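So the structure is just underneath, and the comments pick up after that.
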Ligand SMILES: CC(C)(COP(=O)(O)OP(=O)(O)OC[C@H]1O[C@@H](n2cnc3c(N)ncnc32)[C@H](O)[C@@H]1OP(=O)(O)O)[C@@H](O)C(=O)NCCC(=O)NCCS
């Protein structure tokens, strides 16, 4: 796998453009949102320097003739599985919108995707709960570019600390439903005896969690991939806590992960949460999340909120989050289209723009 240290062109690009790339992306992504939960510059730079693990990532920056950064984009190409897919993100600095910059960046993203043999493209829009899709530039542009909704997601946040006694009460009520099951928690890299379990559960995340119309195919995980991800997280200045559920027979049946970055210490990010299909109905989702939150709060008592994303159709997970006090504040659309459909839609947008300029 190429990393910036064995890819001099990439390191040179980063030295010259990374700060402008990040500033343009942050300006585009943050506009109109109260709390955009962006990866911090230190985390993105560390990723460049360390080298990515699950995806090969291409960063793209649009500048005008004077060198001003107008917009930023990225293309994520999964390397272990999902070889049909390219995940793209395009963001344009608000002052430079509706001049075709977004379309030009998207076209460059499609060129990267096509060169890598990818046949479907996915993108995501995020907007405040009280803004309609028709009034949100990202949603309007994604529709004009030929993307269609594959899965509706809601972002929720939990203000910390939780009300006195709430976590204990939730555990007390749930415990009788999980008789015989056990929950283990730890901070940082997985104990060696649980690495294979985490790899197995991570792959089940791509088959047992709701996917809507997303074209995701089963992900391929092994212990080495788990360890690579841990090494990248550490390089990015992140700490994390894992809760693992074990069946009465000692089989790993669920897990959840919370992450905290030293670049944004006030936020805990909820990563994967899964209980495998065969072991649902025992309140393990709730018990895992409560145990993980307690472990994180012991180490970062000053954290101010937890941020999480769930498919709207994932009723059990949403119910767990609502019981813990999470409240929805953003609507997230995961959109997909075949690559040729996006190319055709882009052609039409650019032709209409050229005609109206005549
Ligand atoms: C989405 C975004 C990148 C568009 O950038 P842009 O430079 O304005 O895009 P373009 O000028 O190429 O517009 C392409 C087409 O999208 C549609 N569109 C873009 N913004 C729109 C808006 N505010 N209202 C209605 N339609 C809009 C139009 O059809 C437009 O073509 P037109 O201007 O010829 O009518 C920009 O609004 C942005 O950064 N948003 C935040 C990030 C995001 O949501 N990205 C989308 C997911 S990748």
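Residue numbers (the numbering used here): 71 to 428. Quick reminder that beta carbons are idealized off the backbone N, C-alpha and C, glycines included. Being a predicted model, the structure only gives us computed values, none of them experimental.
Cα-Cα separation, residue 211 to residue 98: 13 Å
Same chain, Cβ closer than 8 Å to residue 190, five either side skipped, listed in chain order: 154, 155, 156, 285, 406, 407, 408, 409
At least 3 beta-carbon pairs within less than 8 Å: the stretch 326–336 vs the stretch 349–362: yes
Segment contact, 8 Å Cβ cut-off, at least three pairs: the stretch 336–345 with the stretch 269–289: yes
Buried/exposed call for residue 74, threshold 16 Cβ in 10 Å: Unreliable placement is indicated for residue 74, whose pLDDT of 38 sits below 50; no coordinate value is reported for it.
Cβ neighbour criterion (16 or more within 10 Å) applied to residue 161: buried
Residue 398 and residue 226 closer than 8 Å at C-beta: yes
The stretch 311–319 contacting the stretch 252–272, beta-carbon criterion three pairs below 8 Å: yes
Residue 172 CB to nearest heavy atom of ligand 2 below 7 Å: Because ligand 2 does not appear in the structure shown, any question about it cannot be addressed here, the ligands present being ligand 1.
Sequence-distant residues of its chain with Cβ nearer than 8 Å to residue 100 (five each side left out): 106, 108
Straight-line gap, residue 320 to residue 293 (C-alpha atoms, nearest Å): 19 Å
C-beta contact flag for residue 135 and residue 307 at 8 Å: no
Span separating the alpha-carbon of residue 261 from that of residue 416: 49 Å
Chain-order list of residues whose beta-carbon lies under 7 Å from that of residue 177 (same chain, five-residue window excluded): 416
Neighbour-count burial assignment, residue 216, 16 or more Cβ in a 10 Å radius: buried
Residue 177 beta carbon near ligand 1 (any heavy atom closer than 7 Å): no
4 or more residues per run - each alpha helix (DSSP H) lying fully within the stretch 183–248: 207–214, 236–244
Beta-ladder partner(s) of residue 310, from DSSP: 329
Cβ shell of residue 272 (< 6 Å), same chain only, five flanking positions each side left out: 291
Any 3 or more C-beta pairs closer than 8 Å across the stretch 363–382 and the stretch 223–243: yes
Simplified DSSP assignment, three categories, for residue 274: helix
Best match in 295, 120, 236 for proximity to residue 149 [C-alpha to C-alpha]: 295
Identity of the residue in 116, 81, 92, 104 nearest residue 305 by Cα: 116
Three-state class that DSSP yields for residue 75 in the structure shown: Annotation note: pLDDT 42 at residue 75 (below 50); position unreliable, no value reported.
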